[in-house]
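Undergrad: Below are the structure tokens for one structure; questions will follow.
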Amino acid sequence: MLAGLDPEQRSAVTAPAGPVCILAGAGTGKTRAVTSRIAHRALTGDISPRHVLAVTFTARAAAEMRARLTGLGVGGVQARTFHAAALRQLRYFAPRLLEGRAMPELLDSKVRVVTLAAAKVGLRADRAAARDLAGEIEWAKSSLVEPGEYVVAAAKALRDTPHEPAKVAEVFDAYERLKRGNGVIDFEDMLRAAVWGIEEHADVAEQVRGQYRHFVVDEYQDVNPLQQRLLDAWLGGREDLTVVGDASQTIYSFTGATSSYLIDFPRRHRNATVVRLVRDYRSTPQVVGLANAVISQARGAEARLRLELHGQRPPGPEPDLRIFTDEPAEANAVAARCRALVDGGTPAREIAVLFRTNAQSEAYEKALTEAAVPYVVQGAERFFERPEVRQAMIALRAATRSIPGETPLPAAVVEGLAAVGWAPDAPPAGGAARERWEALAALVQLAEEHAATPEVVPIGEAAAIERPVTLGDFNEELARRAAQQHVPTVEGVTLASLHSAKGLEWDAVFLVGLAEGTLPTTYAKTPEQVEEERRLLYVGVTRAREWLWLSYAAARSPGGRARRPSRFLPQLDRSGGGERAGAGPGAARRTERRRAQVVSCRICGATLLAAADRKLGRCPTCPSDLDEELYERLREWRQRVAGAQKVPAYVVFTDATLTALAERRPGRTEELIAIAGIGPRKLGLYGDTVLALVAGAGVDEVCPQKSFEI
């Protein structure tokens with residue numbers, strides 16, 4: 050058993066009984082290491098398999114662990130999810146704990162009860178809003194927060210709540226009352242009941258702890274406070290515990306998961322053995338190198354446990370970094386490359402297209418369909434199967450009877466979508482509601498694209514006229530697309546969000562939509578939230594075994610507003626047009642120039658790509674430390690100088706340069722010239738004056754009004 054392990058894996062397997070923390074990077078063989086540890090201890094007589102409880106986060110991972118242990122000749126180990134283990138124990142002890150009463154029914158979903166609870170407090174909630182409220186309640190219960198504590202806890206956690214926190218707390222309280230009144234429990238109640246059974250009943254605690262004496266917890270970075278409370282109850286102060294995790298793959302904090310238990314494990318268990326697995330057997334050295342580059346800039350608590358991976362596979366192709374003019378061009382190029390990979394012998398099931406939000410899938414569903422590439426959607430409904438999209442299509446068909454035929458198509462679609470509550474303003478707060486809004490916004494964007502290409506109608510052998518696309522035409526197009534994409538497929542290219550891709554791997558991976566505002570999302574406001582977005586990209590990169598494509602579109606739609614590449618891609622060539630980054634005879638020189646010009650955010654340390662961000666010296670989402678009084682003095686001075694020179698104000702200095710001066714407050718010439726936009730010429734013209742203004746001089750002192758009079 051030990052002969053096939055690398056030195057680090059062998060250290061994990063043979064570590065003595067007691068607290069063991071295995072920090073396992075992506076692709077480093079953590080499942081092999083942990084199952085070998087259980088088997089080694091069992092086969093050497095150190096433990097009995099029936100006294101082991103191995104806890105995972107998915108039923109699939111639990112099944113894989115049981116299969117591997119059976120293959121190693123060890124049966125009888127209980128490998129289950131937290132919920133499955135708690136439910137099994139509750140059912141066993143229910144007659145004793147409930148004094149003969151039947152165990153309450155377990156809710157499959159909170160949504161129906163949350164909808165009723167919202168109505169009781171005067172809040173109308175459709176299915177999307179109810180899902181967001183259910184998510185907030187789940188976060189609160191997983192974080193051991195009661196309804197009366199929710200408002201303060203949500204503020205401390207900087208939650209992006211779907212409604213006013215006080216109103217959410219009211220819904221939470223009504224939800225709990227409705228559950229009790231109907232004699233049902235949810236999944237969090239089940240975990241809490243298991244904790245209560247052990248903590249408050251000595252006989253139950255004795256029996257559980259007598260049965261389970263050795264514990265293993267996989268994906269320990271994803272444990273929430275309620276699950277940790279249950280784990281502590283199982284342990285009862287004992288320390289025969291092995292945890293496995295990777296802080297760099299912490300991407301579920303919005304659900305209540307926290308990596309703090311993994312990070313603090315050596316402090317909580319002073320005699321803990323810590324083993325680091327860093328040999329990556331999944332990906333080529335080229336993919337591993339990019340993953341290391343992405344995570345090397347990480348900041349925050351999780352970065353303290355950052356692992357630098359070492360690829361063990363033979364070399365492969367360099368990651369393909371591309372830029373496109375717009376999202377349709379990006380999707381079409383991805384589909385074409387998928388078609389080429391499949392034609393070249395790569396099974397479609399070994400290809401994945403990964404994106405930040407499920408609402409991005411529609412463009413890739415369409416492009417893959419047109420390229421005759423089969424696909425499956427992982428962790429999300431197909432675009433045309435989503436309830437809001439089906440309702441929208443019904444509403445648009447009905448709208449053909451009430452909206453005048455001469456109405457421009459985009460306006461007609463917006464008016465038709467009003468019937469399902471959609472409005473073309475800012476998307477609502479709350480993940481599910483925002484995703485619903487974005488899905489319907491995709492229909493409006495599609496209408497705009499169709500309106501830009503009128504139908505050509507022949508009127509004779511040598512003549513034709515252009516006929517505007519009507520709402521009826523658009524409905525026919527939607528029906529055609531829906532029919533094409535409902536064709537059943539046995540296997541296909543996987544379309545998945547980065548969150549739902551965790552734990553999976555493919556030969557070829559496309560990471561798409563890597564633009565600012567998408568990854569990181571505009572809703573990532575705090576440094577901690579931005580760092581979680583960085584870890585999402587890291588998870589995406591490490592899903593690829595051999596071939597990796599990263600891309601972004603310079604605009605969302607043809608002719609649309611320009612976007613910047615994700616700040617997490619410091620070496621992305623921004624030359625445009627779908628050009629491959631780094632290709633061509635001058636690639637080495639260009640790469641060296643880019644490396645020499647790297648500018649980091651002075652607040653969070655991220656590499657800055659956009660010119661405006663480099664000028665400011667910070668990310669657009671990092672907090673500003675603008676000296677407003679200095680900024681106003683600089684603006685007044687600039688206005689006087691521009692008036693005297695009879696030039697527009699921006700010719701003297703742009704607003705961005707003034708903002709950079711008021712934020713960075715240079716005190717020396719070297720600091721002044723380090724600000725982009727202040728070259729030798731402007732340094733000679735204005736350098737001493739600007740330094741004086743920064744030092745506190747008044748505008749009249751550096752340029753009296755009369756000196757500019759003609």
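In the numbering used here, the protein residues as written are 50 to 759. Ideal Cβ placement from N, Cα and C applies to all residues, glycine included. All figures in this text were calculated on a predicted structure; none of them were measured in a lab.
Taking K216 as the reference, give the member of R229, T119, V337 and V200 with the closest Cα.
TA: Comparing Cα-Cα distances from K216 to each of R229, T119, V337 and V200, the minimum goes to V200.
Undergrad: So the candidates are R86, A306, V590 and L156; which of them puts its Cα closest to the Cα of D329?
TA: Checked all of R86, A306, V590 and L156; the closest Cα to D329 is V590.
Undergrad: Could you please give the first and the last residue of the uninterrupted beta strand (DSSP E) stretch that includes Q361?
TA: No beta strand (DSSP E) holds Q361; DSSP gives it neither H nor E.
Undergrad: Quick test of the definition: if touching needs 3 or more C-beta pairs under 8 Å, does the segment 556 to 563 touch the segment 400 to 409?
TA: As far as the Cβ criterion goes, the segment 556 to 563 touches the segment 400 to 409, which means the pair count is three or higher.
Undergrad: When you compare each of A408, L675, F432 and A461 to A528 by their alpha carbons, which one comes out closest?
TA: Ranking the options by Cα distance to A528, first place goes to F432.
Undergrad: Counting pairs of Cβ atoms below 8 Å between the segment 121 to 139 and the segment 192 to 209, do you hit three or more?
TA: At 8 Å Cβ cutoff, the stretches do not touch.
Undergrad: For S600, which beta-bridge partners are listed by DSSP?
TA: Paired residue(s): R371.
Undergrad: Look up G465 in the DSSP assignment and say whether it is helix, strand or coil.
TA: In the structure shown, G465 sits in a helix (DSSP, three-state: H, G or I).
Undergrad: Drop a sphere of 10 angstroms on the beta-carbon of G625, count the other beta-carbons inside from all chains shown, and report buried for 16 or more, exposed for fewer.
TA: Low confidence applies to G625: its pLDDT is 38, below 50, so where it sits in the model is not reliable enough to give any reading.
Undergrad: Are K79 and V272 touching if we call contact CB-CB under 7 Å?
TA: Going by C-beta atoms, K79 is not nearer than 7 Å to V272.
Undergrad: Between D737 and G716, what straight-line distance do the alpha-carbon atoms span, to the nearest angstrom?
TA: Going from the Cα of D737 to the Cα of G716 covers about 10 Å.
Undergrad: Where does E148 fall in DSSP's three states?
TA: Of the three classes helix, strand and coil, the one that applies to E148 here is coil, per DSSP.
Undergrad: Can you tell me where the beta strand (DSSP E) with A427 in it begins and where it stops?
TA: In the sequence as displayed, the identity of residue 427 is Gln instead of Ala. Where Q427 is concerned, the enclosing beta strand (DSSP E) stretches over Y424 to Q427.
Undergrad: Could you tell me if P56 is buried or exposed, where buried requires 16 or more neighbouring beta carbons within 10 angstroms of its beta carbon?
TA: P56 should be labelled exposed.
Undergrad: Taking 7 Å as the threshold (C-beta atoms), are R355 and A342 in contact?
TA: Cβ distance not < 7 Å, so A342 and R355 don't count as in contact.
Undergrad: Going by DSSP, which residues form a beta bridge with H263?
TA: DSSP, once it has assigned bridges, lists V101 as partnering H263.
Undergrad: Distance check for P274 and S192, CA to CA, integer angstroms please.
TA: If I take the Cα positions, the gap works out to 5 Å.
Undergrad: Closer than 7 Å by C-beta to G48: which residues in its own chain qualify, once you throw out the five before and the five after it? Chain order, please.
TA: Because the chain in this structure spans residues 50 to 759, residue 48 falls outside the shown range and cannot be described.
Undergrad: Where does the unbroken beta strand (DSSP E) through G294 begin, and where does it stop?
TA: Run containing G294: L290 to G294, per the beta strand (DSSP E) assignment.
Undergrad: Pick out whichever of G541, G120, I186 and R730 has its Cα sitting closest to the Cα of V422.
TA: That would be G541, whose Cα lies nearest to the Cα of V422.
Undergrad: Does E565 come out as helix, strand or coil in the three-state DSSP assignment?
TA: Looking at E565 - three-state DSSP - the assignment turns out to be coil, as it is neither helix nor strand.
Undergrad: Let me know if Q688 comes out buried or exposed under the rule of 16 or more other beta-carbons within 10 Å of its beta-carbon.
TA: The residue is exposed, with fewer than 16 neighbouring Cβ atoms inside 10 Å.
Undergrad: Would you identify the three-state DSSP class for G635, choosing helix, strand or coil?
TA: Residue placement at G635 cannot be trusted, given a pLDDT of 40 that sits under 50; the coordinates are not used to answer.
Undergrad: Any beta carbon of chain D sitting closer than 7 Å to that of V104?
TA: Within the model displayed, chain D is absent; a lone protein chain is all it includes.
Undergrad: Mapping DSSP to helix, strand and coil, what is I727?
TA: If DSSP states are grouped into helix, strand and coil, I727 belongs with coil.
Undergrad: If you draw a straight line from the alpha carbon of L136 to that of F142, how long is it in whole angstroms?
TA: Those two C-alpha atoms are separated by around 10 Å.
Undergrad: Using the three-state DSSP reduction, which class does P68 fall into: helix, strand or coil?
TA: The answer is coil: DSSP assigns P68 none of H, G, I, E or B.
Undergrad: Quick test of your reading: I722 and L732, contact by CB under 8 Å. State the CB separation rounded to the nearest angstrom.
TA: Right, their Cβ atoms sit about 6 Å apart.
Undergrad: If you follow the beta strand (DSSP E) that A698 is in, where does it begin and where does it stop?
TA: A698 -> not in any beta strand (DSSP E); alpha helix (DSSP H) instead, spanning A698 to V701.
Undergrad: Assuming L358 and V327 make a contact with CB atoms under 8 Å, what is their CB distance in whole Å?
TA: The pair is a contact, with the Cβ atoms about 6 Å apart (cut-off 8 Å).
Undergrad: Tell me, to the nearest whole angstrom, how far the beta carbon of D556 is from that of E498; I am working on the premise that it is less than 8 Å.
TA: Between E498 and D556 the Cβ distance is about 33 Å, and since that is not below 8 Å, they are no contact.
Undergrad: What three-state label does DSSP hand D674 in the structure shown?
TA: Here D674 sits in coil by DSSP.
Undergrad: What are the residues that DSSP puts in a beta bridge with T570?
TA: According to DSSP, which records beta bridges pairwise, T570 is partnered with G566 and T567.
Undergrad: For L227, I'd like the list of residues in its chain whose CB is within less than 7 Å of its CB, leaving aside the five on either flank, ordered along the chain.
TA: The residues are V162, L165 and A166.
Undergrad: Going by the beta-carbon positions, is the gap between G666 and R713 smaller than 7 Å?
TA: In contact: G666 and R713 (Cβ atoms closer than 7 Å).
Undergrad: Buried or exposed: where does K695 fall if 16 or more other Cβ atoms within 10 Å of its Cβ makes it buried?
TA: Classification for K695: exposed.
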